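Q: First, the structure itself, so that you have it in front of you.
Protein chains: 2
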Amino acid sequence: MATIKDIAREAKVSISTVSFALNGTAPVAEETKKRIMEAVKKLNYVPSSTARSLVTSKTYTICLFIPNPKSNIFKFVGNTLLNDMLQGIGEVIDEQNYNLLLSWDQASSSHSKMESLAGAKTVDGFLIFSPTDQMEPISFLIQHHFPFVFMGPQMDNLTMNTVNVDNFDISYRNTSHLIKLGHKDIAFISPGSLDYLLSEDRYEGYKAALQDNNIRIDDRYLYIGDSREESGYEAMKYFRQLKKIPSAVIAGRDIQALGVIKYSAENGLRIPDDLALVSFENSDIAEKHQITSISTELYHIGKEAARLLLKQINYKRKLSPQNLIIPSELFIRSSCGSQKQL
Amino acid sequence: MATIKDIAREAKVSISTVSFALNGTAPVAEETKKRIMEAVKKLNYVPSSTARSLVTSKTYTICLFIPNPKSNIFKFVGNTLLNDMLQGIGEVIDEQNYNLLLSWDQASSSHSKMESLAGAKTVDGFLIFSPTDQMEPISFLIQHHFPFVFMGPQMDNLTMNTVNVDNFDISYRNTSHLIKLGHKDIAFISPGSLDYLLSEDRYEGYKAALQDNNIRIDDRYLYIGDSREESGYEAMKYFRQLKKIPSAVIAGRDIQALGVIKYSAENGLRIPDDLALVSFENSDIAEKHQITSISTELYHIGKEAARLLLKQINYKRKLSPQNLIIPSELFIRSSCGSQKQL
DNA sequence: CTGAAAGCGCTAACAC
DNA sequence: GTGTTAGCGCTTTCAG
Numbered sequence: 034m035a036t037i038k039d040i041a042r043e044a045k046v047s048i049s050t051v052s053f054a055l056n057g058t059a060p061v062a063e064e065t066k067k068r069i070m071e072a073v074k075k076l077n078y079v080p081s082s083t084a085r086s087l088v089t090s091k092t093y094t095i096c097l098f099i100p101n102p103k104s105n106i107f108k109f110v111g112n113t114l115l116n117d118m119l120q121g122i123g124e125v126i127d128e129q130n131y132n133l134l135l136s137w138d139q140a141s142s143s144h145s146k147m148e149s150l151a152g153a154k155t156v157d158g159f160l161i162f163s164p165t166d167q168m169e170p171i172s173f174l175i176q177h178h179f180p181f182v183f184m185g186p187q188m189d190n191l192t193m194n195t196v197n198v199d200n201f202d203i204s205y206r207n208t209s210h211l212i213k214l215g216h217k218d219i220a221f222i223s224p225g226s227l228d229y230l231l232s233e234d235r236y237e238g239y240k241a242a243l244q245d246n247n248i249r250i251d252d253r254y255l256y257i258g259d260s261r262e263e264s265g266y267e268a269m270k271y272f273r274q275l276k277k278i279p280s281a282v283i284a285g286r287d288i289q290a291l292g293v294i295k296y297s298a299e300n301g302l303r304i305p306d307d308l309a310l311v312s313f314e315n316s317d318i319a320e321k322h323q324i325t326s327i328s329t330e331l332y333h334i335g336k337e338a339a340r341l342l343l344k345q346i347n348y349k350r351k352l353s354p355q356n357l358i359i360p361s362e363l364f365i366r367s368s369c370g371s372q373k374q375l
Numbered sequence: 034m035a036t037i038k039d040i041a042r043e044a045k046v047s048i049s050t051v052s053f054a055l056n057g058t059a060p061v062a063e064e065t066k067k068r069i070m071e072a073v074k075k076l077n078y079v080p081s082s083t084a085r086s087l088v089t090s091k092t093y094t095i096c097l098f099i100p101n102p103k104s105n106i107f108k109f110v111g112n113t114l115l116n117d118m119l120q121g122i123g124e125v126i127d128e129q130n131y132n133l134l135l136s137w138d139q140a141s142s143s144h145s146k147m148e149s150l151a152g153a154k155t156v157d158g159f160l161i162f163s164p165t166d167q168m169e170p171i172s173f174l175i176q177h178h179f180p181f182v183f184m185g186p187q188m189d190n191l192t193m194n195t196v197n198v199d200n201f202d203i204s205y206r207n208t209s210h211l212i213k214l215g216h217k218d219i220a221f222i223s224p225g226s227l228d229y230l231l232s233e234d235r236y237e238g239y240k241a242a243l244q245d246n247n248i249r250i251d252d253r254y255l256y257i258g259d260s261r262e263e264s265g266y267e268a269m270k271y272f273r274q275l276k277k278i279p280s281a282v283i284a285g286r287d288i289q290a291l292g293v294i295k296y297s298a299e300n301g302l303r304i305p306d307d308l309a310l311v312s313f314e315n316s317d318i319a320e321k322h323q324i325t326s327i328s329t330e331l332y333h334i335g336k337e338a339a340r341l342l343l344k345q346i347n348y349k350r351k352l353s354p355q356n357l358i359i360p361s362e363l364f365i366r367s368s369c370g371s372q373k374q375l
């Protein structure tokens, strides 16, 4: 492959002039520039990214750090959702000519991959997507002033850039919506283990809304679900055998809502008449099955997180940490019964 | 951040000795090595990957090249499937300490991203995942002897490494299975537009099996589906209004089979008695809904493709191109009716 | 076993 | 406007 020297020789100029012409970092005569460009084309020259990185100490690569695929993270997050996030990130980095490295901690090694990527300066920054709260490597990044954006909730004890939806808030809103419709016996299906911050926040938002409306919180109205439709089905089956059957249910995610619908259909429960239903994500599923659902725009999370990271990377002066909240919208459909009242 | 010089100074040796010790590329006295390792630990040293790359001209990064997310490729491929592929790739590259760059062609730019990544030597090789047949950048790679593996079918006109399932073959097997069960009126739902090689191959395999059994091919028995469950539903609705209703149907993918099941349930068609059903992928869906399905192990495709690529990158002498076919297995469940005969 | 030094391909002062 | 040159941080001969 051709190097800058080859171009210099071919265009009969010095290598610095080639560099200046290519990067626009110093004025170059029109005539000279033309010769250089011709040489570039002729020799099919592309500047070595590593050589350039070595001197500029910029790699133009950011790393999307995700949990090990084995952990079933994708299933947890939902299928189209990772896709949405990648789309958001992709649009931003395409625009600014950055590359995307996808990485995760190996199950085997105890060595933190994030730390070595940062230490070796393989990437310029991190986008961290992790629904759990393993914060050790994050402290490392903070300590070493390495740019990153955490796609999740702000932690009390850490000062960092975050982008997230406010899971507490949207759950509060979902719950309040049902309360306004007159429901008091409202059950909650968590989207996953409560160890996940996302699940916890949604559960807390639910409880807060109940409390603020003087509705007693009943532990029996909580079902720990997961990413499968069945967990919605099973949840409903469980709620159904309680002494006091809930009149409304909040599914932790759209796919669970689907399970609720299925159970209801099979067991003669009419939605929304016998059972009001709301959910999270506002995915295709919600639209298709007329489920009232509040949006959690992973596309926008990805986009804003990438923007924030690149800003952080490219600004000379320190930016004060931002905690972006991607706004959510409640899409009211027939499953919650509020449309009947219009 | 510390550099090799700092380590040398701290350990009171020359930088070459540090390099030797760290890479094991020359014998170093046990005593000296210990001092060096201590310095490394103390200064938290990680060798710069760019500097290293510059001299070794290896980046230890491979690129998974996929269609632009906007193209809905993920939906086409299926949801858990990309996940499976990433898992396969991830296991291999983790093991060998490679990094994974995720990239795609920008919708906007006409400039081929693959060519610039190759030209700038940003990566050591490519894993190309594309169900369509846009082969221009591939010729570029071949021309420049740049390592890559194509995850898809071998093309007649190109000599390259490929890893794939044999879509023709598995479709032939699916069809033959139904024929053996006595079916003659067998309909086919394509998994996507026939422009996709994958769809075409499956369709061709279907036709070949019919032909080999002297069954007339009826164009009306073809329905062009897509990645949505509805397309299976719609297909069945369409087949149902034909003069001669098929007695068996081959869904191009599991999610479509689900649509077929749904339609059948709603319209009093019993499976397998009134309608035999087979599908592709053998995903969770197939297992859950007792659909006979032939496996297409994207996990193994990813794994073998990554292996093949790394082998190619690390071998000094040219390897003759390989065309790996990942074996598939037909999982017989109740939807095809063959179990009744046991 | 260890050190000196060349050089990977590029950028960016600094001269002219 | 353009050329000379000193590195960026590392690997790797080559001496000793």
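Residue numbers (my numbering), protein chains in the order written: chain A, 34 to 375; chain B, 34 to 375.
Think of the CB as a built atom: it goes at the ideal place given N, C-alpha and C, for glycine as much as any other residue.
Keep in mind that this is a model prediction, so the values were computed, not measured.
Give the straight-line distance between the Cα atoms of Tyr348 (chain A) and Leu341 (chain A), rounded to the nearest whole angstrom.
A: Those two C-alpha atoms are separated by around 11 Å.
Q: On the CB-based measure, 16 or more other CB atoms within 10 Å of its CB, does Ser136 (chain A) come out buried or exposed?
A: Counting Cβ neighbours within 10 Å, Ser136 (chain A) comes out buried, since at least 16 surround it.
Q: Output the residue ranges of the beta strand (DSSP E) runs that lie fully inside the region 177–217 of chain A and measure 3 residues or longer, sorted by chain position.
A: Fully enclosed beta strand (DSSP E) runs of 3 or longer: 181–184 and 194–197.
Q: Would you say Phe181 (chain B) and Ile203 (chain B) are within 7 Å of each other, going by their C-beta atoms?
A: Contact: no.
Q: Is there a C-beta anywhere in chain B that falls below 7 Å from the one on Asn200 (chain A)?
A: By this cut-off, Asn200 (chain A) is not an interface position.
Q: Quick one: list the residues of chain B neighbouring Asn300 (chain A), beta-carbon separation under 9 Å, in chain order.
A: Within chain B, no residue comes near Asn300 (chain A); the closest Cβ sits about 16 Å away, beyond 9 Å.
Q: In chain order, which continuous runs of the alpha helix (DSSP H) of length 4 or greater are located wholly inside the region 89–145 of chain A?
A: Those alpha helix (DSSP H) runs which fall completely within the region 89–145 of chain A and span 4+ residues are 106–110 and 112–128.
Q: Under 7 Å between C-beta atoms, does Leu331 (chain B) make it to chain A?
A: No, Leu331 (chain B) lies away from the interface with chain A (no Cβ there is under 7 Å from its Cβ).
Q: Between Gly265 (chain A) and chain B, is the shortest Cβ-Cβ distance under 7 Å, so that the two count as touching?
A: Chain B, which has no Cβ nearer than 7 Å to the Cβ of Gly265 (chain A), makes this no.
Q: I'd like to know if Leu135 (chain A) contacts chain B, where contact means its C-beta is closer than 7 Å to some C-beta of that chain.
A: For Leu135 (chain A), the answer is yes, since a Cβ of chain B falls inside 7 Å of its Cβ.
Q: Using beta-carbon positions only, say whether Ala268 (chain A) and Val125 (chain A) come within less than 7 Å of one another.
A: No, the pair does not count as a contact, with Cβ atoms beyond the cut-off.
Q: Can you tell me the Cα-Cα spacing of Ile250 (chain A) and Ser361 (chain A), whole angstroms?
A: Distance between the alpha carbons of Ile250 (chain A) and Ser361 (chain A) is about 25 Å.
Q: CA-CA distance, His177 (chain B) and Asp127 (chain B)?
A: Looking at the two C-alpha atoms, the distance is approximately 27 Å.
Q: Please list the partners that Asn246 (chain A) has in chain B, where partner means a Cβ-to-Cβ separation under 7 Å.
A: Going along chain B, no residue has its Cβ under 7 Å from Asn246 (chain A), so there is no contact; the nearest lies around 38 Å.
Q: At which residue ranges does the region 287–364 of chain A contain complete alpha helix (DSSP H) runs of 4 or more residues, listed in the order of the chain?
A: As far as the region 287–364 of chain A is concerned, its whole alpha helix (DSSP H) runs of at least 4 residues are 287–299, 317–321 and 331–347.
Q: Determine the DSSP secondary structure at Val61 (chain A), reduced to helix, strand or coil.
A: Residue state, collapsed to three classes: coil.
Q: With distances taken Cα to Cα, identify the nearest neighbour of Leu97 (chain B) among B:Gln372, B:Ala319, B:Asn246 and B:Val156.
A: Of B:Gln372, B:Ala319, B:Asn246 and B:Val156, the residue nearest in Cα terms is B:Val156.
Q: Taking just the CA atoms, how far does Met184 (chain B) sit from Leu191 (chain B)?
A: Taking the straight line joining both Cα atoms gives about 14 Å.
Q: Determine the direct distance from the alpha carbon of Ala319 (chain A) to that of Lys295 (chain A), and round the result to whole angstroms.
A: So the alpha carbons of these two residues sit roughly 14 Å apart.
Q: Return the residue from the list B:Asp317, B:Ala151 and B:His333 that minimises the CA-CA distance to Leu174 (chain B).
A: Among B:Asp317, B:Ala151 and B:His333, the Cα nearest to that of Leu174 (chain B) is on B:Ala151.
Q: Figure out for me which residue from A:Met34, A:Arg42, A:Lys45 and A:Tyr78 has the closest Cα to the Cα of Leu55 (chain A).
A: Looking at the Cα atoms, A:Tyr78 is the closest of the given residues.
Q: Kindly indicate the opening and closing residues of the alpha helix (DSSP H) around Val51 (chain B).
A: Val51 (chain B) -> alpha helix (DSSP H) spans Ile48 to Asn56.
Q: Find the nearest neighbour of Leu133 (chain A) within the set B:Ser145, B:Thr94 and B:Met168, judged by alpha-carbon distance.
A: It is B:Thr94.
Q: Rounded C-beta distance between Asp218 (chain A) and Pro279 (chain A)? I'm assuming under 8 Å.
A: Contact flag correct, Cβ pair sits at about 4 Å.
Q: In terms of residues, what are the limits of the beta strand (DSSP E) holding Leu160 (chain A)?
A: Taken as a continuous stretch (DSSP letters only), the beta strand (DSSP E) holding Leu160 (chain A) covers Gly158 to Phe162.
Q: Whole angstroms are fine: how far does the CA of Phe272 (chain A) sit from the CA of Gly301 (chain A)?
A: One C-alpha to the other measures close to 15 Å.
Q: Looking only at C-alpha atoms, which of A:Ser297, A:Gly123, A:Ser82 and A:Leu231 sits nearest to Met188 (chain A)?
A: Ranking the options by Cα distance to Met188 (chain A), first place goes to A:Leu231.
Q: What span of residues does the beta strand (DSSP E) with Ala220 (chain A) cover, start to end?
A: Note, Ala220 (chain A): beta strand (DSSP E), Ile219 to Ser223.
Q: Among residues of its own chain, excluding the 5 on either side of Ser172 (chain B), which ones have a beta-carbon nearer than 8 Å to its beta-carbon?
A: Result list for Ser172 (chain B): Leu191, in chain order.
Q: Using a Cβ-Cβ cut-off of 8 Å (strictly less than) and excluding sequence neighbours within five positions of Leu375 (chain B), which residues of its own chain qualify?
A: Confidence at Leu375 (chain B) is low in this model, with a pLDDT of 49, below 50, so its placement is unreliable and the value that follows should be read with caution. Here the set comprises nothing.
Q: Answer with buried or exposed for Arg85 (chain B), where buried requires no fewer than 16 other C-beta atoms within 10 angstroms of its C-beta.
A: Looking at its Cβ environment, which holds 16 or more other Cβ atoms inside 10 Å, Arg85 (chain B) is buried.
Q: In terms of residue numbering, what span does the alpha helix (DSSP H) encompassing Ala5 (chain A) cover?
A: Outside the shown range of chain A (34 to 375) lies residue 5 (chain A), about which nothing can therefore be said.
Q: Grouping DSSP H, G and I as helix and E and B as strand, with all else coil, what is Val79 (chain B)?
A: Residue state, collapsed to three classes: coil.
Q: Considering only their Cβ atoms, is the gap separating Thr329 (chain A) from Glu314 (chain A) smaller than 7 Å?
A: Yes. Within cutoff.
Q: Check for me: the beta strand (DSSP E) holding Ile257 (chain B) runs from which residue to which?
A: Per DSSP, Ile257 (chain B) belongs to the beta strand (DSSP E) from Leu255 to Ile257.
Q: I want to know whether the region 50–69 of chain B touches the region 206–213 of chain A - three or more CB-CB distances under 8 Å.
A: Touching, no, given that fewer than three Cβ pairs across the two stretches are closer than 8 Å.
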